[in-house]
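J.: Protein sequence lines correspond, in order, to chains A and B. FYI, in my numbering the residues of the first sequence are -11 to 343. FYI, in my numbering the residues of the second sequence are 6 to 502. Beta carbons are placed, not taken as given, at the ideal position from N, Cα and C, and that holds for glycine. Pasting a structure below so you can have a look.
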Amino acid sequence: MPPRTCALCANNRAMLKRPKTGQQICRDCFFYVFETEVHNTIIQSNLFKPGDRVAIGASGGKDSTVLAYVMKALNERYQYGLDLFLLSIDEGITGYRDDSLETVKRNQQQYSMPLKILSYDELYGWTMDAIVSQVGKKNNCTFCGVFRRQALDRGAAMLHVDHIVTGHNADDIAETVLMNIMRGDIARLGRCTSICTQGEDTIKRSKPFKYAYEKEIVMYAYFKKLDYFSTECIYSPDAYRGHARVFLKDLEAARPSAIIDIIHSGEAFEIRDDLKATQKAQQTCKRCGYMSSNDLCKACTLLEGLERGMANSGITDRARKRLDAEGPAPDNLRTIPFYQSPSGAASLAVETAPS
Amino acid sequence: MTSCGNPATEQDALMHRRTKFDKARVCIKCRENPGNVVIRHAVYCKECFFPMMAGKFRKTLEPAVNPVPDGPRKKGLKPAGNLCLGFSGGLGSSVLLDLVSRSYFSTYAGEDAKGGTDHPRNTSVWKKATVCYVEICGALPGTRDRTNEVRAVVERYKHFDFVPLRIEDAFDDAWWEMVGGRRPEAHFNVDLADEELPMTSAPAASTDSIAALRAYIASLPTQTAVPSTIQTLVRLLLLHTAWATESSHLLLGTSLTSLSVSLISSISQGGGYVVREEAQEEWQPTVHIGAKRTVRVNRPLRDLGMKECAVWAWWHGLDVIGKENILGGRQGIGALTKNFIVGLERDYPSTVSTIARTCSKLAPKDGADTTCVLCERPAQPGVQEWKARISIRSFDEPALVSPPPHLKKVLVPKRESQAEAAPQHSLTPRLCYACHTTLTSRSSRGSTSVSAHANSTPLPVWVVSQLGSGDGEQWRSRKMEESDMKASLAEFLLPDS
C-alpha cells in the first residue's frame, strides 16, 4: 500500500490522523493548523493588546508546557507585543509537584521567561499535605481548587500582570459543561464556555486552548519533543468528575467531534433572563479583599475552619452552623494577606532566566 | 447509637447504615397502610400510589392543554384541536396511553358516571384521539415488524384511532401527499461524502421508499449517526401525522430518566441551541400546509421516573411490547449516555432530576430566523463560520491568515469529481449544527459500510419539498411561460372586453 499524502498540503507524506477532524496529515501541517487555530481563537476574541503583561499559569504538565511554547511562538510570529511570564503554584504535595516544578524551571530557561512560584504554605500557612492530614482525602479537592484559583490571582497581582492564560483545553471545557448540568450549577454553566472571564477588580483570565483537543496537545508535545510531567494527584481525585471524564472519553471514541459539539452546545445556550436576576451579586471579602459572593470569600471560610480545627465548616452548612455557634473568629486567627488589586505596583521581585 | 470507638475492636463503633426510605414502613400519604413501594426515599401503599402518579401526570400535562399555556386549570380544558399520541411499544408510551385513557377518555357513561358530568374523566377533553406508531424495522435489517402487536394493544383502548406508519414513509411521496404535502416537482440527491453536502437534481423520485431509506442510512458517515437519524425521522413522521390529524397536542411517553438521557445526548451532539425543544416545543410545518396552527409536543411523564412507570405497568397488568434498541450499541451516543446516566443515578440519585431541572433553566443565546430543513427546529446562524474557524480542514479557508511556512506553494487537493464541476448548490447552509454534524462528522474507527449511494443519497420528502418550494433560498430556475406571467398578474389585469 503506497504511503498516503497529507490531506491538507497534498505534498508530504501523512504522518498522523488528526483527532479533531480525522484527516490524515503531515507533521508540518499539523503544527501549522494547531498553532493557527490557537491564533484564530486569540484574534477572534481580542484577548490581548500590545504591551499587555501576560502570566502563563504553568504547572509543568502537558497543557501548560505546550501553552508556554505556543504563546512564545505566536507572540513572535504575529507580533502580539506581549510580555510573557510564567506563574506556578506549589500546593505542597510531596512527590507530586516537585518534579513538575523542575519542568517549569527548565521552561523558564528555555523560553527566557521570568518565573514566579507561589506556595500555599507562603500564602495560607497550610500545605495540601497538612490540609489532607486534617480533612482526609474526601473533600481535599475543594480546598485545593479554591486555594489555587485565588493563589493564581494573587501571584499575578504580585507580578503586576494584566492577564493570566491557563492551559484549559477543549476536553476540560466539555467536561465542565457536563458537570455543571449534572450538578445543577447554572451560574457556572453560563460562564464556563467563555474564553475570557473578568470580574470587577480581578485579573483577566483566559483559555487560548479552548478549542484544542487534549490528544492534539499531547501530539504537539510529542512531535516538538517538549518534556512535561504527567502525574496524577496522589490525593483522591474528584470521583464525580472522574465519571464525567470517562463518559466524555467514550463519547469521543464514538464520535471525535463530540468534544467540540458539547462546547458548541454550551456556547449556544444561556441562563433564562428571568433567572439571571436571582444570581448573587459580586462583592469583596471583608477579611481579605478578594472577590466573593458572601461577606467572607470561600478561601477565608475554608482557612478559618482549618485554623479553628473545624475544617468541614467550609464544606457543609451544618458544620458552618456549629462553627458560628462557637462564637466569632479569634483576633489572632491566621488570615490571608489583603488582596492588592492588579492596578497596584508589583510587590515581589521575580526570578528571571539566566542570560 | 453514637459511639466513636475503634471499629476494629468494637462491633458497635460502626454507625448503622441509613435506610434508603423514610423511617417508617407505613405509607407517607395515608399513614395507615403498610407501604408497597419506595419512590425516591418515600414509601407509598398501592392505593395511594395510583392517585399520586395520575396527579403528577395531570399536573404536568394540563397547564399545556389550553392554547394559552400555564393558565388557571380550574377554568376547564379546551384544547385547540385533537390529540395524537406517539407510541413506541416501550414502557413509557404504554403507561402514557393507559394514563391518558383513564384520565381523559371515560369508560363510564350516563348515570353511572363518577364525579359528575363535568368531571374531566366523563367528558372528552379532546374530540378525537389518534395513536401513531412508526415501525422502524425497515432501517434496522434483522429486526422484526411489531405493527400487529402494537395494533392489538391499542385496540384494547376504545377511544383511539390507530395510525401505523413505517419509517420508510419519510421517503414516500404518497405518504407526503396523504399528510397534506404537495408532491415535489423536482427531486434532489446529496453527496454525503463531501462535507459541503453538494446537491444534484435527481431525474425522478425513487418509487422504492425502503431502498431510498437504506441508501440514506448506508451513506451516513458513522454508526453513531444512525440512531440520531432514526430519531429525527420518527419525530418528523409523528409531527406531520399530528398535523394531518388536526391535533393540537402530540404526547410522548418520555419519562424523567429518558428525558435526562435525551437532553445530555442532544447536548453531546451539538444540540444545545434547541435544548428547550427537547423538553417541549411548538411545531408547525416549514412548508406551508393548510391553515396556520401549531402542534404542541408535550411529555407528561417527565416528572415520573422509570421506576414509577414500571410499577404502574406492573400493577395494572399492562402489556408492554418493548421496542427495538435504536440508541445503538457501544458506538451510539444515546446508548453511551443512557449507560452513564443510569449508572450515575445509582451513586448520585438526584442526578436525573437535576439534569432535567437545569436544562429547563436554559434558553438559546441568540434568536434564530431560520429553521433546519432536516429536523425542522430553529437553526443558529453562523455555524459554518464557527466550524471553519475552530478546525481548519483545508488551506482554502478564509480563516487562514497566512500560508503555511513549510510550503512555498499551497497545493490544495481536489477531488476528481469536483475539480472541473460547475458550481454546485449545497445543503450545508440550510442545516442546523447538530444535523450537519450528524451527516458529516467522521470517526477514527471508520465509517459505516462504504455505500455506493454516498454520492447520490436521496433526501426525506419534507426536505425535498422545502428545497423545491421556494421558501428560503431559491436556486432552481425555469423559463417563465406567458401563461405563468399572466396568472401572477391576474388581479391587476383588466378584462379585454
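Does DSSP classify H45 (chain A) as helix, strand or coil?
T.: The sequence shown places Gly at residue 45 (chain A), not His. In the structure shown, G45 (chain A) sits in a strand (DSSP, three-state: E or B).
J.: How should E283 (chain B) be labelled, buried or exposed, when 16 other C-beta atoms within 10 angstroms of its C-beta is the threshold for buried?
T.: By the neighbour-count rule (16 or more Cβ atoms within 10 Å), E283 (chain B) is buried.
J.: What would DSSP say about T154 (chain A), mapped onto helix, strand or coil?
T.: It is coil, neither helix nor strand.
J.: Go ahead and pull the three-state DSSP assignment for A200 (chain A).
T.: Note: A200 (chain A) maps to coil in three-state DSSP.
J.: Between which residues of its own chain and E37 (chain B) is the CB-CB distance below 6 Å, once the five residues before and five after are set aside?
T.: So the list is empty, once near-sequence residues are dropped.
J.: Quick check on the DSSP output: the beta strand (DSSP E) that includes E286 (chain B) runs from which residue to which?
T.: Its beta strand (DSSP E) spans residues 286 to 288.
J.: Can you tell me which of A:P7, A:D16, A:T9, A:D71 puts its alpha carbon nearest to the alpha carbon of K37 (chain A)?
T.: Among A:P7, A:D16, A:T9, A:D71, the Cα nearest to that of K37 (chain A) belongs to A:D71.
J.: With 8 Å set as the bound, which would you pick, yes or no: does the beta-carbon of R36 (chain B) sit closer than that to a beta-carbon of chain A?
T.: Answer no: the Cβ-Cβ gap between R36 (chain B) and chain A never drops below 8 Å.
J.: Consult DSSP for I169 (chain A) and reduce its assignment to one of helix, strand or coil.
T.: In the structure shown, I169 (chain A) sits in a helix (DSSP, three-state: H, G or I).
J.: For the stretch -5 to 12 of chain A, enumerate the residues whose C-beta is nearer than 9 Å to any C-beta of chain B, in chain order.
T.: Answer in chain order: A(-5), L(-4), C(-3), A(-2), N(-1), N0, K5, R6, P7, K8, T9, G10, Q11.
J.: Classify C(-3) (chain A): buried if its beta carbon has 16 or more other beta carbons within 10 angstroms, exposed otherwise.
T.: So C(-3) (chain A) ends up on the buried side.
J.: Whose CA, out of A:C14, A:L62, A:N95, A:E23, lies closest to the CA of G45 (chain A)?
T.: The shortest C-alpha separation from G45 (chain A) is found at A:N95.
J.: In chain B, which residues lie with their C-beta within 7 Å of the C-beta of C17 (chain A)?
T.: Going along chain B in sequence order, the residues near C17 (chain A) (Cβ under 7 Å) are P409.
J.: Note down, in chain order, every chain B residue with its Cβ under 7 Å from the Cβ of H231 (chain A).
T.: Under the 7 Å cutoff, chain B gives L349.
J.: In whole angstroms, what separates the C-alpha of A368 (chain B) from that of K312 (chain B)?
T.: Their backbone Cα atoms lie some 30 Å apart in a straight line.
J.: Name, please, each residue of chain B whose Cβ falls closer than 7 Å to the Cβ of S182 (chain A).
T.: The premise fails here: S182 (chain A) is roughly 12 Å from chain B at the closest Cβ pair, so nothing lies under 7 Å.
J.: Are T262 (chain B) and V325 (chain B) close, meaning C-beta to C-beta below 8 Å?
T.: No, the pair does not count as a contact, with Cβ atoms beyond the cut-off.
J.: Considering only their Cβ atoms, is the gap separating V123 (chain A) from F135 (chain A) smaller than 8 Å?
T.: Cβ distance not < 8 Å, so F135 (chain A) and V123 (chain A) don't count as in contact.
J.: What residues in the stretch 360 to 385 of chain B have a beta carbon less than 9 Å from any beta carbon of chain A?
T.: Those residues of the stretch 360 to 385 of chain B that come within reach of chain A (Cβ to Cβ, closer than 9 Å) are I360, R362, T363, C364, S365, K366, L367, A368, P369, K370, D371, Q385.
J.: Hey, T185 (chain A) and G254 (chain A): beta-carbon distance below 8 Å or not?
T.: Not closer than 8 Å, so no.
J.: Is the CB of G172 (chain A) under 8 Å away from at least one CB in chain B?
T.: Taking Cβ atoms only, chain B reaches closer than 8 Å to G172 (chain A), which makes this a yes.
J.: In chain order, what residues of the same chain have a beta carbon less than 7 Å from the beta carbon of S270 (chain B), not counting five sequence neighbours either side?
T.: Closer than 7 Å at Cβ, skipping near neighbours: I338, G339, T342.
J.: What does S273 (chain B) reach in chain A if we use C-beta pairs closer than 7 Å?
T.: Within 7 Å Cβ-Cβ: L239, A246, D249, I250.
J.: Hey, quick one: how far does the beta strand (DSSP E) through A47 (chain B) stretch, first residue to last?
T.: Start and end: 47 to 49.
J.: With a threshold of 8 Å, are at least 3 pairs of Cβ atoms found where one atom belongs to the stretch 132 to 152 of chain B and the other to the stretch 179 to 196 of chain B?
T.: No: fewer than three Cβ pairs fall under 8 Å.
J.: To the nearest angstrom, report how far apart K34 (chain B) and V42 (chain B) are at their CA atoms.
T.: If I take the Cα positions, the gap works out to 12 Å.
J.: G302 (chain A) versus chain B: which residues are under 7 Å apart at the beta carbon?
T.: Chain B residues near G302 (chain A): none, gap ~21 Å exceeds 7 Å.
J.: When DSSP labels each residue in this structure, what does V292 (chain B) get in the three-state scheme?
T.: Correct three-state label for V292 (chain B): coil.
J.: By the DSSP assignment, the alpha helix (DSSP H) with F151 (chain B) in it spans what residues?
T.: Correcting the residue identity first, residue 151 (chain B) is Arg in this sequence and not Phe. Unbroken run through R151 (chain B): none, as it is neither H nor E.
J.: Considering only C-alpha positions, which residue in the set B:L412, B:Y353, B:N330 is nearest to P146 (chain B)?
T.: Of B:L412, B:Y353, B:N330, the residue nearest in Cα terms is B:N330.
J.: Would you list the one or two residues that DSSP bridges to R179 (chain A)?
T.: Answer is none; R179 (chain A) lacks a bridge partner.
J.: Should T433 (chain B) be flagged as near chain A, meaning a C-beta pair shorter than 8 Å?
T.: By this cut-off, T433 (chain B) is not an interface position.
J.: When the Cα of K203 (chain A) is compared with those of A:I31, A:R(-8), A:K50, which residue comes out closest?
T.: That would be A:K50, whose Cα lies nearest to the Cα of K203 (chain A).
J.: Got a sec: is the Cβ-Cβ distance from Q423 (chain B) to anything in chain A below 8 Å?
T.: Model confidence at Q423 (chain B) stands at a pLDDT of 43, short of 50, so the residue's coordinates are unreliable and nothing is read from them.
J.: Please state whether DSSP places A241 (chain A) in a helix, a strand or coil.
T.: In the structure shown, A241 (chain A) sits in a helix (DSSP, three-state: H, G or I).
J.: Could you check which residue in A:G69, A:D87, A:Q67, A:Y68 has the C-alpha nearest to that of S76 (chain A)?
T.: Taking only the C-alpha atoms, the option nearest S76 (chain A) is A:D87.
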